[in-house]
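The structure under discussion appears below in the form of structure tokens.
There are 2 protein chains.
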Amino acid sequence: MLSKKCKYAIHALVYLAEKYQQGPVHIQEISEKRNIPKKFLEAILLELRNAKILHSKKGKGGGYYLHQKPSDINLMEIIRLMHGAIAMLPCVSLNYYEKCDECRSEKTCGIRDAFINVRDETLQILGGSTLDKILKREKALGAK
Amino acid sequence: MLSKKCKYAIHALVYLAEKYQQGPVHIQEISEKRNIPKKFLEAILLELRNAKILHSKKGKGGGYYLHQKPSDINLMEIIRLMHGAIAMLPCVSLNYYEKCDECRSEKTCGIRDAFINVRDETLQILGGSTLDKILKREKALGAK
DNA sequence: ACATTAATCTATTAATTCCATAGACTTTAA
DNA sequence: TTAAAGTCTATGGAATTAATAGATTAATGT
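If you want it as structure tokens, here you go:
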């Protein structure tokens, strides 16, 4: 299951995608509109900013806004950044690889194979889920 | 990421599949051969037994053994039992459904769709990964 | 009947991760 | 120069996960 942090990040980014090219949006607004604890959201947005997904502007009239186009930001990268590995086992993770300490030999492990397939399918789907697609879908479903 | 408990369960079951129809195997042996803390393993095997995946026999010559054929036990059911939901969001889980409290409306949520696809692909793969296939693969890869 | 073997049950503790909040500091615009 | 808003550091609590300890129960062979 994804962490709250990660879900909050996705919701916040979708919200910002909706306001793309409309100037900075402040934390307070996102926090209220999407029911995310403000202080927690601060930390999340900061991290997204350090990852160059968001830009920010301090002071009056400041706030956060997307650094990239909504069509260039996808769920795969958001999840990797905010949650960590996407794979179900550390030993099949591309970005967060670690040796499974309960395994004897990766070469002869019959279990990894299935999890490699799961990983690849998952990356495929999440990598193709961009913010603009999510937004389009919400509009099609009638979200206000 | 899967919990250790779940990984231990998978390894123990593969070990027992290897000894299928060769009589009860005791906890101690599985624990030693697969580097699983004995006491922790006890609890795991007990749970698998309560779920009718294993049978047990007490006393001298006792131990655990598969209740079903290795071709009838797959990773999907093991994970659901030992780890919980397979979906990445509670609101798209088939067996552990819960409303996402940070979401406003499931009907108009543009995010769920991708996670439903991930879930379905994952179930497909894990559901087809049976103990006997895992064993065959290990033999093919040259595990002793 | 008895001793031994091995699973079962009940508690408890330790470690880790996750979620959330507090408060001081910095930058920017009006 | 004052108010608005992001930035940084630190901390606390809750929940979950991992592991251990000790007593009990059941089956088996002699």
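Those sequence lines, one after another, are chains R and F. For the first sequence, our numbering assigns the number 1 to the initial residue and increments by one for each residue that follows. For the second sequence, our numbering assigns the number 1 to the initial residue and increments by one for each residue that follows. Here a beta-carbon is modelled for each residue, glycine too, at the ideal position from N, C-alpha and C. Bear in mind the structure is a predicted one, so any value in this text is a computation, not a measurement.
Can the beta-carbon of residue i be found less than 7 Å from the beta-carbon of residue j?
i, j, result
"residue 122(F)", "residue 71(F)", "no"
"residue 44(F)", "residue 8(F)", "yes"
"residue 127(R)", "residue 76(R)", "yes"
"residue 90(R)", "residue 100(R)", "yes"
"residue 53(R)", "residue 67(R)", "yes"
"residue 51(R)", "residue 2(R)", "no"
"residue 140(F)", "residue 108(R)", "no"
Could you give the distance in angstroms between the alpha-carbon of residue i and the alpha-carbon of residue j?
i, j, result
"residue 124(R)", "residue 117(F)", "10 Å"
"residue 49(R)", "residue 28(R)", "17 Å"
"residue 111(R)", "residue 12(R)", "37 Å"
"residue 84(F)", "residue 41(R)", "28 Å"
"residue 115(F)", "residue 62(F)", "44 Å"
"residue 132(R)", "residue 20(R)", "10 Å"
"residue 38(R)", "residue 98(R)", "34 Å"
"residue 156(F)", "residue 36(R)", "Beyond the ends of chain F as shown, which are 1 and 144, falls residue 156(F); an answer cannot be given."
"residue 26(R)", "residue 32(R)", "10 Å"
"residue 6(F)", "residue 47(F)", "11 Å"
"residue 10(F)", "residue 18(F)", "12 Å"
How about residue i: is its C-beta nearer than 7 Å to some C-beta of chain F?
i, result
"residue 130(R)", "no"
"residue 32(R)", "no"
"residue 121(R)", "yes"
Could you tell me whether any Cβ in chain R is nearer than 7 Å to the Cβ of residue i?
i, result
"residue 134(F)", "yes"
"residue 137(F)", "yes"
"residue 114(F)", "yes"
"residue 42(F)", "no"
"residue 50(F)", "no"
"residue 118(F)", "yes"
"residue 125(F)", "yes"
Report the CB separation of residue i from residue j in whole angstroms; it is logged as a contact under 8 Å.
i, j, result
"residue 57(F)", "residue 24(F)", "5 Å"
"residue 113(R)", "residue 119(F)", "Actually they do not touch by this definition, with Cβ atoms about 20 Å apart."
Given that residue i touches chain R, what residues does it touch there, using C-beta distances under 9 Å?
i, result
"residue 142(F)", "107 and 108"
Would you mind telling me which residues of chain F sit closer than 8 Å to residue i, beta carbon to beta carbon, in chain order?
i, result
"residue 157(R)", "Beyond the ends of chain R as shown, which are 1 and 144, falls residue 157(R); an answer cannot be given."
"residue 85(R)", "1"
Cβ closer than 7 Å: which chain R residues qualify as neighbours of residue i?
i, result
"residue 75(F)", "114"
"residue 10(F)", "111"
"residue 47(F)", "None at all; the shortest Cβ gap to chain R is about 17 Å."
"residue 35(F)", "102"
"residue 25(F)", "Going along chain R, no residue has its Cβ under 7 Å from residue 25(F), so there is no contact; the nearest lies around 18 Å."
Residue i versus chain F: which residues are under 7 Å apart at the beta carbon?
i, result
"residue 2(R)", "88 and 89"
Strictly below 8 Å CB to CB, what residues from chain R border residue i?
i, result
"residue 14(F)", "110 and 111"
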